[in-house]
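First up is the structure itself, then whatever we jot down about it.
There are 4 protein chains.
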Amino acid sequence: MSDHRMRVGRERSERTQARILRAALQVFADQGPDAPKIDDVVAAAGISRGTFYNYFDSVDALLAATCAWTTRESIESIEEALAGVEGPALRYGLGLRLFFARARSDPTWSRFVGRVWRVDGLELPDRDLDEGLDRGVFRAASPTAMRDLVRGGVREALLRIGTERTAPEYGDHLTELCLQALGTDPRLIAAVMEHELPEGLEEDESP
Amino acid sequence: MSDHRMRVGRERSERTQARILRAALQVFADQGPDAPKIDDVVAAAGISRGTFYNYFDSVDALLAATCAWTTRESIESIEEALAGVEGPALRYGLGLRLFFARARSDPTWSRFVGRVWRVDGLELPDRDLDEGLDRGVFRAASPTAMRDLVRGGVREALLRIGTERTAPEYGDHLTELCLQALGTDPRLIAAVMEHELPEGLEEDESP
Amino acid sequence: MSDHRMRVGRERSERTQARILRAALQVFADQGPDAPKIDDVVAAAGISRGTFYNYFDSVDALLAATCAWTTRESIESIEEALAGVEGPALRYGLGLRLFFARARSDPTWSRFVGRVWRVDGLELPDRDLDEGLDRGVFRAASPTAMRDLVRGGVREALLRIGTERTAPEYGDHLTELCLQALGTDPRLIAAVMEHELPEGLEEDESP
Amino acid sequence: MSDHRMRVGRERSERTQARILRAALQVFADQGPDAPKIDDVVAAAGISRGTFYNYFDSVDALLAATCAWTTRESIESIEEALAGVEGPALRYGLGLRLFFARARSDPTWSRFVGRVWRVDGLELPDRDLDEGLDRGVFRAASPTAMRDLVRGGVREALLRIGTERTAPEYGDHLTELCLQALGTDPRLIAAVMEHELPEGLEEDESP
DNA sequence: TATGAATGAGAATTCATTCAT
DNA sequence: CATGAATGAATTCTCATTCAT
Chain A
319 MSDHRMRVGR ERSERTQARI LRAALQVFAD QGPDAPKIDD VVAAAGISRG
369 TFYNYFDSVD ALLAATCAWT TRESIESIEE ALAGVEGPAL RYGLGLRLFF
419 ARARSDPTWS RFVGRVWRVD GLELPDRDLD EGLDRGVFRA ASPTAMRDLV
469 RGGVREALLR IGTERTAPEY GDHLTELCLQ ALGTDPRLIA AVMEHELPEG
519 LEEDESP
Chain B
319 MSDHRMRVGR ERSERTQARI LRAALQVFAD QGPDAPKIDD VVAAAGISRG
369 TFYNYFDSVD ALLAATCAWT TRESIESIEE ALAGVEGPAL RYGLGLRLFF
419 ARARSDPTWS RFVGRVWRVD GLELPDRDLD EGLDRGVFRA ASPTAMRDLV
469 RGGVREALLR IGTERTAPEY GDHLTELCLQ ALGTDPRLIA AVMEHELPEG
519 LEEDESP
Chain C
319 MSDHRMRVGR ERSERTQARI LRAALQVFAD QGPDAPKIDD VVAAAGISRG
369 TFYNYFDSVD ALLAATCAWT TRESIESIEE ALAGVEGPAL RYGLGLRLFF
419 ARARSDPTWS RFVGRVWRVD GLELPDRDLD EGLDRGVFRA ASPTAMRDLV
469 RGGVREALLR IGTERTAPEY GDHLTELCLQ ALGTDPRLIA AVMEHELPEG
519 LEEDESP
Chain D
319 MSDHRMRVGR ERSERTQARI LRAALQVFAD QGPDAPKIDD VVAAAGISRG
369 TFYNYFDSVD ALLAATCAWT TRESIESIEE ALAGVEGPAL RYGLGLRLFF
419 ARARSDPTWS RFVGRVWRVD GLELPDRDLD EGLDRGVFRA ASPTAMRDLV
469 RGGVREALLR IGTERTAPEY GDHLTELCLQ ALGTDPRLIA AVMEHELPEG
519 LEEDESP
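Residue numbers (the working numbering), protein chains in the order written: chain A, 319 to 525; chain B, 319 to 525; chain C, 319 to 525; chain D, 319 to 525.
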């Protein structure tokens with residue numbers, strides 16, 4: 319009996335926490351990381367102020383948790399989807415294409431990532447990038463500048479995808495441009511673009 | 319006599335407004351567009367709260383004015399510096415190099431532009447971009463994606479330049495990458511990079 | 319359980335709102351409609367500033383609510399007390415006498431009504447007035463002038479009653495003068511003045 | 319020469335003071351005695367804040383001065399106009415008619431007197447009232463109630479005259495009602511109403 | 001005397017946080 | 001755990017007053 323009560327309690331608790339995080343995603347996506355008030359989150363989640371404080375200490379803590387959740391979930395999805403793919407250019411390029419596909423299927427997530435994620439998140443595919451540079455698949459006078467260009471471009475693209483109705487090929491085009499900027503061999507680029515998109519990254523996972 | 323008084327008054331007024339704008343540049347550069355409190359600005363400008371409200375209705379109005387000032391001033395400087403330069407690639411590329419040079423000489427301005435400017439400002443060199451596309455000097459499957467990549471990359475670069483000590487060539491490298499992403503002919507890129515940097519854009523003009 | 323909590327919450331909320339309104343009555347009566355500061359109300363009600371804003375948006379909104387409350391309550395009391403009384407002169411005259419009796423028993427209310435009520439409230443007995451004019455019980459070259467004289471006289475009387483210790487017959491005398499000004503038959507006036515005062519209007523009802 | 323300068327200075331000073339008072343009349347008439355800010359007066363008078371303080375210490379002092387000016391001027395006009403008139407009822411009735419005529423010709427003044435004057439002003443014709451009561455021309459169970467009724471009615475009438483377009487006879491009708499309320503002999507009332515209106519009270523005098 | 005920029009005390013308003021139920 | 005009324009510190013904003021020119 320006590321067992322049952324505990325289980326029910328834990329489940330309810332997890333459901334409430336999930337509601338808050340989903341509401342936070344929406345609110346931060348709409349207002350950015352600084353503007354939101356507790357009441358915005360509370361209203362969006364359909365809970366009371368007091369309940370909020372049962373789960374998070376402050377808006378900042380909520381922001382951190384929301385970032386952690388989305389980042390963790392994205393990493394997992396990407397790694398899973400790219401599980402069998404080999405080669406830095408292919409992995410990196412397909413990763414970007416998947417990222418934009420996910421953005422397209424969830425504009426709120428896209429806006430959130432574009433507005434809120436700082437380096438932690440937007441540097442995810444660093445391993446493939448490093449490997450590509452090491453192997454000479456990517457070439458650049460300044461790796462830092464290269465990363466900055468790509469990171470900024472991706473962020474800008476996410477904001478656009480999350481905000482307006484973009485053409486279906488927009489994400490692929492941006493991926494292509496990024497690879498070009500990295501100095502990738504055109505034939506390799508073509509291969510990336512023609513490769514079938516692995517499954518994954520398109521569904522929203524509950525925290 | 320009355321003339322003299324009016325002139326003195328106007329001069330003082332303009333000096334105060336300039337002090338506020340300069341303080342605002344600093345504060346917005348440090349804290350972003352949403353976080354600053356009136357008191358931050360007031361303290362940075364060395365004026366009283368009341369004086370602030372003699373010049374601006376709210377922090378939002380101040381933000382708008384600061385954007386307008388920096389944008390106007392940047393446009394003027396760029397146009398002046400590029401006065402005699404012909405050809406979209408040369409103009410666009412030199413424009414970027416000048417922009418980054420200015421950023422390097424004024425990190426606060428760089429941080430401000432990187433964090434705060436929205437499209438209004440960061441689309442400045444649109445005319446040259448359009449002309450380059452028209453003439454086939456720039457090539458891209460998706461002009462929108464191309465612009466987004468460049469805009470995002472520039473923003474990211476400004477944040478870096480405004481935040482840390484970057485290598486002297488960083489700006490040039492990023493410029494080169496942008497031109498590559500635009501599909502510019504490598505010889506043309508080389509010409510841009512070897513061209514002497516016109517004077518201008520390096521001094522801060524008072525509002 | 320949830321039911322109980324809701325009821326307790328609502329009751330507390332209503333009690334607080336009532337405290338604020340009662341404090342407002344006092345404060346507006348003392349200072350008039352424009353002068354009061356939020357802090358005056360807050361201090362008189364014994365609540366915090368924040369609590370005030372949980373109930374009203376501004377002093378103006380509080381003023382409106384206080385007017386609405388007093389007006390509604392007065393209308394109800396009068397109508398109840400005059401329920402069985404017939405004839406415009408009798409109803410109007412007894413209404414005035416009751417009004418002044420209430421004023422006497424609650425000087426704060428009297429000052430409030432005298433200083434703050436605008437037409438909405440002080441035109442209450444319009445129906446009887448119109449009916450009296452229609453039937454020829456009241457006569458006047460200018461109904462507008464007549465109403466203005468009575469309204470102004472009543473307001474002035476309320477201020478006096480609410481401010482100083484008046485003779486017990488003061489209200490009746492003013493009623494008599496009003497009826498005279500309306501051109502009422504002296505015998506009818508005598509009947510009004512000799513009629514027993516119905517119960518009611520003398521107690522303060524909580525909002 | 320010094321003489322000349324002093325005279326010119328004094329004249330200018332008097333003109334400025336007059337401008338302020340006239341502006342104050344307007345502003346107090348529109349906003350009542352409590353609401354006006356220094357800036358409202360300053361803007362209406364077309365002067366600077368500093369100049370205001372050369373003439374008055376505060377808004378309260380300005381209010382007092384404006385009341386004093388209008389009261390003094392009204393007393394003088396009335397006394398002058400009624401110079402040769404004998405008998406309390408005739409004097410009192412004609413005084414009221416003149417008062418309303420003045421109100422009609424200067425709605426701002428009317429609104430000001432209606433909203434702002436306290437007893438000091440609206441008790442002006444006390445002497446005639448007292449004399450009328452002494453001689454039995456006026457009759458009332460309660461002189462206080464009588465005065466209150468008349469004072470309130472006059473105030474209400476001034477507000478109406480100052481605010482909307484009233485019929486030309488409105489003032490006379492209200493005068494008649496007042497005299498009726500005072501218990502005046504109908505023939506005497508008729509005489510008052512038929513009496514020619516003395517000259518005066520219709521022009522605005524500069525302070 | 002006239003001006004209006006500058007000031008800062010004080011009033012209005014917001015909002016994160018607590019806590020009794 | 002959930003609730004939302006109450007709180008008051010922090011912030012925004014107003015406006016009477018001063019004073020150098």
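Using N, Cα and C, we set each Cβ at its ideal position, and we do this for glycine too. Source: prediction; values computed, not measured.
Could you please tell me which residues of the stretch 338 to 367 of chain B, in chain order, have their CB closer than 8 Å to any CB of chain A? If you check each beta-carbon in the stretch 338 to 367 of chain B against every beta-carbon of chain A, the ones closer than 8 Å belong to GLY350, ASP352 and ALA353.
Which residue from B:GLU391, B:TYR410, B:ALA509 and B:ASP378 puts its Cα closest to that of B:GLU449? Minimum Cα distance to B:GLU449 is reached at B:TYR410.
Please classify A:PHE374: does DSSP put it in a helix, a strand, or coil? Reduced to three states, the DSSP call for A:PHE374 is coil.
So, are the CB atoms of B:LEU414 and B:ALA399 less than 8 Å apart? No; because the gap between Cβ atoms is not below 8 Å, this pair is not in contact.
Label D:PRO354 either buried or exposed according to how many other C-beta atoms from any shown protein chain fall within 10 Å of its C-beta, with 16 as the threshold for buried. Residue burial is scored here from C-beta neighbours: D:PRO354 has at least 16 other C-beta atoms within 10 angstroms and is therefore classed as buried.
Cβ-based burial, B:LEU497 [other Cβ within 10 Å; buried from 16]: Counting Cβ neighbours within 10 Å, B:LEU497 comes out buried, since at least 16 surround it.
Give me the chain C residues within the contact set of D:ASP466, using Cβ-Cβ distance strictly less than 8 Å, ordered along the chain. By Cβ distance, chain C contributes GLY471, GLU474, ALA475, ARG478 and LEU492.
With 16 as the cutoff for other CB atoms within 10 Å, does D:ILE393 come out buried or exposed? D:ILE393 comes out exposed.
If we ignore side chains and look at the alpha-carbon of each, how far apart do B:GLU487 and A:ILE479 end up? Distance between the alpha carbons of B:GLU487 and A:ILE479: 33 Å.
Contact the stretch 457 to 471 of chain B vs the stretch 373 to 392 of chain B: 3+ CB pairs below 8 Å: Too few Cβ pairs lie closer than 8 Å, so no.
Within this structure, are the beta carbons of D:GLY470 and C:GLY471 separated by less than 8 Å? Their beta carbons are under 8 Å apart, which means D:GLY470 touches C:GLY471 by this criterion.
CB contact check: B:ALA499 to chain A, cutoff 8 Å: Output row for B:ALA499: interface = yes.
Can you tell me where the alpha helix (DSSP H) with A:GLY450 in it begins and where it stops? Start and end: 444 to 453.
Would you call the stretch 505 to 517 of chain A and the stretch 422 to 438 of chain A touching, i.e. three or more CB-CB distances under 8 Å? By the criterion of at least three beta-carbon pairs nearer than 8 Å, the stretch 505 to 517 of chain A is not in contact with the stretch 422 to 438 of chain A.
Do A:ALA419 and A:GLY364 have their beta-carbon atoms positioned less than 8 Å apart in this structure? No. Outside cutoff.
Rounded to whole angstroms, what is the Cα-Cα separation between A:VAL345 and A:ALA361? The alpha-carbon atoms of A:VAL345 and A:ALA361 are separated by roughly 10 Å.
Can you name the start and end residues of the alpha helix (DSSP H) that B:GLU487 belongs to? Per DSSP, B:GLU487 lies in no alpha helix (DSSP H) and is assigned neither H nor E.
Suppose the cutoff is 6 Å on Cβ atoms and the five residues either side in sequence are ignored; what does the same chain contact list for B:GLN335 look like? Sequence-distant Cβ neighbours of B:GLN335 in its own chain, meaning closer than 6 Å and more than five residues away, are TYR373.
Distance between B:ASP424 and B:ASP310 (C-alpha atoms, nearest Å): For residue 310 of chain B there is no data in the structure shown, the boundaries of chain B being 319 and 525.
Expressed to the nearest angstrom, what Euclidean distance is found between the alpha-carbon atoms of B:ARG328 and D:TYR371? Between B:ARG328 and D:TYR371, the alpha-carbon positions lie close to 23 Å from each other.
Please list, in chain order, all residues of the same chain as C:GLU517 whose beta carbon is under 6 Å from its beta carbon, the five residues on each side excluded. No residues qualify anywhere along the chain.
Mind checking whether C:LEU447 and C:VAL510 have CB atoms under 8 Å apart? Contact flag unset, no.
Under three-state DSSP, which class holds B:THR389? Correct three-state label for B:THR389: helix.
Report the CB separation of C:VAL476 from C:ALA421 in whole angstroms; it is logged as a contact under 8 Å. Here the sequence assigns Leu to residue 476 of chain C, which means Val is not the residue at that position. Yes, C:LEU476 and C:ALA421 are in contact; Cβ-Cβ is about 5 Å, under 8 Å.
Taking only beta-carbon positions, decide if D:LEU495 is within less than 8 Å of chain C. At least one chain C Cβ lies under 8 Å of D:LEU495.
Using Cβ-Cβ distances below 8 Å, what residues of the stretch 446 to 462 of chain C are close to chain D? Within the stretch 446 to 462 of chain C, the residues whose Cβ lies closer than 8 Å to any Cβ of chain D are, in chain order, ALA458, ALA459, SER460 and THR462.
Please list, in chain order, all residues of the same chain as C:THR384 whose beta carbon is under 7 Å from its beta carbon, the five residues on each side excluded. Correct list, in chain order: LEU339, ALA342, LEU343 and PHE346.
Short Cβ contact (8 Å threshold) for A:ALA499 with B:LEU381: Contact: no.
On the three-state DSSP scale, how would you describe D:MET319? Reliability of the predicted coordinates at D:MET319 is poor, the pLDDT of 48 falling under 50, and no value is obtained from them.
Short of 7 Å Cβ to Cβ, which residues in the stretch 394 to 410 of chain B face chain A? Cβ contacts with chain A: none found.
Using the Cα positions of B:THR388 and B:GLU474, report the straight-line distance between them to the nearest angstrom. When only Cα atoms are considered, B:THR388 and B:GLU474 end up about 18 Å apart.
Where does B:MET319 land, buried or exposed, given buried means 16+ other C-beta within 10 angstroms? Note that B:MET319 scores a pLDDT of 49, beneath 50, so its modelled location is shaky and nothing firm can be said.
Buried or exposed (CB count within 10 angstroms, at least 16 for buried), C:ARG465: With a threshold of 16 other beta carbon atoms within 10 Å, C:ARG465 meets it and is buried.
Of the residues B:ARG483, B:GLY405, B:SER395 and B:ILE356, the one placed nearest B:LEU451, counting alpha carbons only: Ranking B:ARG483, B:GLY405, B:SER395 and B:ILE356 by Cα distance to B:LEU451 puts B:GLY405 first.
Which of helix, strand or coil DSSP assigns to C:ASP358: When DSSP states are grouped into helix, strand and coil, C:ASP358 belongs to the helix group.
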